[in-house]
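In our numbering, the protein residues as written are 26 to 821. Glycine is no exception: its CB is placed at the ideal position from the N, C-alpha and C atoms. Please read all numbers here as calculations on a predicted model, not as lab measurements. Before any comments, here is the structure.
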């Protein structure tokens with residue numbers, strides 16, 4: 026019997042090729058999209074859970090109060106973890122991590138090695154590293170031992186069996202010899218740890234007594250592992266006691282004001298709102314992204330399943346005579362039900378296999394789209410495969426149950442006469458089509474909104490011209506910045522060169538008892554002219570130090586921006602004196618600069634204080650503006666000047682315009698994701714619409730024939746056949762507008778500067794969606810309207 030069911034299913038697929046293609050391809054595409062997205066979500070929600078002690082590992086974070094504003098910082102100082110582990114018995118192990126800037130000698134070439142860190146040897150006790158070669162017991166025990174990943178071993182040696190091999194590394198001064206203690210596997214994609222070279226922490230250890238200043242210097246990442254029976258809250262309380270004990274008296278006041286708290290390792294990836302980066306740790310992710318993608322996956326699969334069910338139900342009606350004949354020949358109702366169910370299961374199984382193949386083929390492209398390197402493929406995740414297969418089989422069951430039970434219960438005479446009608450089928454089909462195009466419309470509105478917002482931010486006035494502007498990183502060579510400037514200033518193709526220290530994390534300032542955290546920057550006398558910054562009050566700073574002498578007091582002159590004046594509540598800014606956060610008046614405002622985006626156009630403008638550099642060693646950046654058309658040669662000119670002061674270290678520079686555009690990389694990525702999702706939903710919806718239009722036209726062939734005989738034109742018939750589906754698509758936008766408005770408005774709140782939501786945001790998606798749907802239905806409608814009425818009426 027099963028063999029017979031299989032034969033009938035295959036014959037029906039071959040006989041109705043168009044219907045089979047629509048049903049199988051639509052469901053397969055939905056399955057492929059769902060599998061890819063669920064692989065992404067699985068990778069996100071399993072971050073760091075592969076460490077067998079992940080539930081006992083915590084990162085030590087800090088809370089610092091600046092002027093009444095509490096800041097959470099994902100970092101600690103270099104001594105806290107060791108001090109806590111020594112004093113608190115609940116802590117079993119600890120490990121500290123700090124960034125390391127490395128230059129590696131590769132033959133005659135010097136390569137800047139990113140993702141280098143210093144770490145304690147105990148890091149191998151906390152985390153599960155997959156060892157390829159070497160021994161963790163002896164790793165990082167000497168000052169010149171290092172641990173590298175597989176990729177780094179292949180990069181410098183061309184193989185992984187390199188324990189004991191030498192690497193010439195320059196950290197400061199001349200290159201020194203380091204020797205490989207161990208080679209570990211590259212971290213999986215769902216790991217927060219993000220480094221490739223580990224140097225021993227002992228090389229960064231500070232000699233001499235530990236002071237309160239060390240307890241207040243926050244710059245490292247620290248992890249601890251607590252006992253299984255330990256109370257986290259109790260450990261945090263003991264940490265506070267240790268901190269207070271280690272920082273007595275007036276000197277330790279600031280250090281005592283810093284509060285440490287513990288964050289579970291598995292919570293790091295989805296935690297937002299922490300200032301500052303965490304050494305050796307990946308940038309965290311927004312949990313909304315995973316939820317959004319999960320919602321898109323469910324919707325795409327739901328649309329595909331709706332198509333499958335809709336077409337299966339609609340396709341069952343023309344087979345009424347087949348059912349009647351089978352009943353005459355003795356087929357039982359249960360056998361007919363099994364036949365319909367087996368056919369639905371057969372088609373869904375083919376779709377699942379095809380969807381799995383498509384997902385594997387498009388996995389690399391999907392990884393590039395989502396900016397994620399997956400460490401496993403879809404077939405390596407059996408739970409995901411089983412869940413998706415069960416969902417597809419459930420859909421097939423639902424799609425096959427309704428027509429099988431309904432048609433099989435009709436009388437033989439009605440079946441042979443072809444007078445079958447499924448109760449409420451038209452209402453169900455219409456509701457499903459309405460739902461499909463509502464989802465498609467929402468995604469299209471989202472695509473248009475993202476495009477508009479990105480365009481708005483990219484074209485926003487920054488307060489200065491960022492074109493033809495490049496800056497060089499002078500890290501570790503700050504004292505040579507003036508030499509670089511002098512050398513570049515003689516180039517006629519460069520219109521200006523200036524020096525800056527870069528925009529730091531900020532300092533506290535006070536005015537009449539009010540405190541404010543302001544971002545600071547040290548600049549030379551050419552900086553403001555080079556960037557084209559507008560001074561709206563007062564004057565520019567004088568290079569080489571700018572001071573006001575008042576009796577025995579010396580005040581450092583500064584320039585502040587408009588936001589600083591507004592938030593500090595200063596009415597007459599010129600000659601106003603500011604405190605350093607402790608009430609001591611040490612600064613004098615000599616100018617107010619018009620607000621400009623000194624970070625990125627993605628972030629809100631913060632209060633800013635500009636200082637004049639007093640010595641050449643204070644400058645960490647060289648800014649260069651060059652003539653238009655000089656883009657291809659500017660790098661060579663910068664490198665030529667750089668080599669005069671540094672023969673080893675690679676030149677590090679960035680184009681400011683490119684940097685500002687890269688600030689929207691995440692939005693660009695999501696634009697691509699939503700655009701592709703919109704395309705898929707419209708494609709799947711149109712596949713179903715095309716199939717339903719075809720079946721509707723088939724059922725109305727005789728009606729169309731009669732209307733043509735009575736004089737109906739092709740245009741009239743086209744409008745008649747399109748009217749029902751067109752109304753549904755237009756009606757779907759009654760759902761689209763409020764839902765899309767809410768979602769877009771919520772998303773826009775994350776931007777400090779954003780577009781206004783107007784009618785145009787919904788009009789274009791409505792035209793696009795309706796136009797595609799109308800063309801889809803019209804293709805089949807024109808074919809039916811142009812058919813010869815003799816062919817449909819010859820048997821009447």
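Strand pairing of residue 610, partner residues [DSSP]
Position 585 of the chain shown, counting from 1, holds the residue named residue 610. BP columns for residue 610 point to 604.
Assign residue 382 to one of two classes, buried (16 or more other C-beta atoms within 10 Å of its C-beta) or exposed (fewer than that).
For this step, residue 382 is matched to residue 357 along the chain shown. Its Cβ having fewer than 16 others within 10 Å, residue 382 is exposed.
Please name the residue in 661, 272, 622, 292 whose C-alpha comes closest to that of residue 682.
Taking the first residue of the chain shown as 1, we reach residue 682 at position 657. Cα-wise, what sits closest to residue 682 is 622.
Boundaries (first-last residue) of the alpha helix (DSSP H) holding residue 763
Residue 763 sits at position 738 when you count from the first residue of the chain shown. Element bounds for residue 763: 739-773.
If we call anything under 8 Å between Cβ atoms a contact, is residue 244 one with residue 100?
On the chain shown, position 219 is the one that residue 244 refers to. On the chain shown, position 75 is the one that residue 100 refers to. Yes, the Cβ-Cβ distance between residue 244 and residue 100 is below 8 Å.
Confirm, please, whether the CB-CB distance from residue 747 to residue 803 is below 8 Å.
Taking the first residue of the chain shown as position 1, residue 803 is located at position 778. Taking the first residue of the chain shown as position 1, residue 747 is located at position 722. In this structure, residue 747 lies closer than 8 Å to residue 803 by Cβ.
Residue span of the beta strand (DSSP E) that contains residue 177, given as start and end:
Counting from one through the chain shown, the residue named residue 177 turns up at place 152. Here residue 177 belongs to no beta strand (DSSP E); instead the alpha helix (DSSP H) covers 175-181.
Separation of residue 541 from residue 669, as counted between CA atoms
Numbered from 1 along the chain shown, position 644 holds the residue referred to as residue 669. Numbered from 1 along the chain shown, position 516 holds the residue referred to as residue 541. One C-alpha to the other measures close to 42 Å.
When 60, 480, 618 are compared against residue 379, the one with the closest alpha-carbon
As a first step, residue 379 is located in the chain shown; it is residue number 354 there, counting from the start. Ranking the options by Cα distance to residue 379, first place goes to 60.
Does the structure place the stretch 484-501 close enough to the stretch 355-369 that three or more beta carbon pairs sit under 8 Å?
no
With distances taken Cα to Cα, identify the nearest neighbour of residue 532 among 322, 109, 589.
As a first step, residue 532 is located in the chain shown; it is residue number 507 there, counting from the start. Residue 589 is the option with its Cα nearest to residue 532.
Report the CB separation of residue 638 from residue 549 in whole angstroms; it is logged as a contact under 8 Å.
For the purposes of this step, residue 638 is taken as residue 613 along the chain shown, with counting starting at 1. For the purposes of this step, residue 549 is taken as residue 524 along the chain shown, with counting starting at 1. Right, their Cβ atoms sit about 5 Å apart.
Rounding to the nearest angstrom, what Cα-Cα distance links residue 806 and residue 715 in this structure?
Within the chain shown, residue 806 is the residue found at index 781, counting from 1. Within the chain shown, residue 715 is the residue found at index 690, counting from 1. Cα to Cα, residue 806 sits roughly 10 Å from residue 715.
Can the beta-carbon of residue 787 be found closer than 8 Å to that of residue 470?
If you number the chain shown from 1, residue 787 lands on position 762. If you number the chain shown from 1, residue 470 lands on position 445. Yes, they are a contact pair.
Ends of the alpha helix (DSSP H) at residue 578?
One-based indexing of the chain shown puts residue 578 at position 553. No alpha helix (DSSP H) holds residue 578; the beta strand (DSSP E) holding it covers 578-586.
Please classify residue 792: is it buried, with 16 or more other beta-carbons within 10 angstroms of its beta-carbon, or exposed?
For the purposes of this step, residue 792 is taken as residue 767 along the chain shown, with counting starting at 1. By the 10 Å Cβ count, residue 792 comes out exposed.
What's the call for residue 513, buried or exposed, on a 16-neighbour Cβ count within 10 Å?
Within the chain shown, the letter at position 488 stands for residue 513. Its Cβ being crowded by 16 or more others within 10 Å, residue 513 is buried.
Taking only runs that begin and end inside the stretch 476-536, name each unbroken beta strand (DSSP E) of 3 or more residues, in chain order.
494-498, 519-525, 532-536
In DSSP terms, what residue 136 is bridged to
Taking the chain shown and counting its residues from 1, the one referred to as residue 136 is at position 111. Note: residue 136 sits in a beta bridge opposite 129.
Alpha-carbon to alpha-carbon, residue 135 and residue 402
Position 377 of the chain shown, counting from 1, holds the residue named residue 402. Position 110 of the chain shown, counting from 1, holds the residue named residue 135. One C-alpha to the other measures close to 36 Å.
4 or more residues per run - each alpha helix (DSSP H) lying fully within the stretch 653-707:
656-668, 681-687
Return the first residue and the last residue of the beta strand (DSSP E) that residue 268 is part of.
Looking up residue 268 in the chain shown gives position 243. First-last for residue 268: 257-271, but that is the alpha helix (DSSP H), not the beta strand (DSSP E).
Proximity below 8 Å, CB of residue 563 to CB of residue 616:
On the chain shown, residue 563 is found 538 positions in, with the first residue counted as 1. On the chain shown, residue 616 is found 591 positions in, with the first residue counted as 1. Yes, they are a contact pair.
For residue 228 and residue 208, which I take to be in contact (beta-carbon distance under 8 Å), what is that distance rounded to the nearest angstrom?
Counting from one through the chain shown, the residue named residue 228 turns up at place 203. Counting from one through the chain shown, the residue named residue 208 turns up at place 183. Rounded, the Cβ-Cβ distance is 20 Å, inconsistent with contact.
Here's the rule I'm using: 16 or more other beta-carbon atoms within 10 Å means buried, otherwise exposed. How should residue 290 be labelled?
Reading the chain shown from its first residue, position 265 is the one you call residue 290. Flag for residue 290 reads buried.
Taking a contact to mean a Cβ-Cβ separation below 8 Å, would you say residue 798 touches residue 739 in this structure?
Working through the chain shown from its first residue, we reach residue 798 at position 773. Working through the chain shown from its first residue, we reach residue 739 at position 714. No, they are not a contact pair.
Three-state class that DSSP yields for residue 539 in the structure shown
Position 514 of the chain shown, counted from the start, is the residue given in the question as residue 539. In this structure, residue 539 counts as strand in the three-state DSSP scheme.
Note down the Cα distance separating residue 573 from residue 613, rounded to an integer number of angstroms.
As a working mapping, residue 573 is identified with position 548 in the chain shown. As a working mapping, residue 613 is identified with position 588 in the chain shown. Looking at the two C-alpha atoms, the distance is approximately 8 Å.
Measuring only the C-alpha atoms, how far is residue 132 from residue 139?
Here residue 132 refers to the residue found at position 107 of the chain shown. Here residue 139 refers to the residue found at position 114 of the chain shown. Looking at the two C-alpha atoms, the distance is approximately 18 Å.
In its own chain, which residues sit with a C-beta less than 8 Å from the C-beta of residue 779, not counting the 5 before and 5 after it?
Here the question's residue 779 lines up with position 754 in the chain shown. Excluding residues within five positions, the ones whose Cβ falls inside 8 Å are 478, 481, 773.
Who pairs with residue 204 in a beta bridge, going by DSSP?
Your numbering for residue 204 matches position 179 in the chain shown. Residue 204 pairs with 170, 191.
Nearest to residue 306 (by Cα), restricted to the options 718, 294, 765:
Against the chain shown, residue 306 aligns to sequence position 281. Per the Cα distances, 294.
Alpha carbon to alpha carbon, what distance is there between residue 581 and residue 609?
What you label residue 609 is simply residue 584 of the chain shown in a count that begins at 1. What you label residue 581 is simply residue 556 of the chain shown in a count that begins at 1. For residue 609 and residue 581, the distance between alpha carbons rounds to 12 Å.
From 193, 267, 321, pick the residue whose C-alpha is nearest to that of residue 130; which is it?
Locating residue 130 in the chain shown gives position 105, counting from the first residue. Checking every option, the nearest Cα to that of residue 130 belongs to 193.
Got a sec? Which residues, its chain only, sit under 6 Å from residue 664 by beta carbon, not counting five neighbours each side?
As a position in the chain shown, residue 664 is number 639, starting the count at 1. Closer than 6 Å at the Cβ level, and outside the excluded window around residue 664, lie 676.
Going along the chain, which residues of its own chain have a beta-carbon closer than 6 Å to the beta-carbon of residue 269, five neighbours each way excluded?
As a first step, residue 269 must be located in the chain shown, where it is residue number 244. If we look at residue 269 and ignore the five residues flanking it on each side, its Cβ neighbours are 281.
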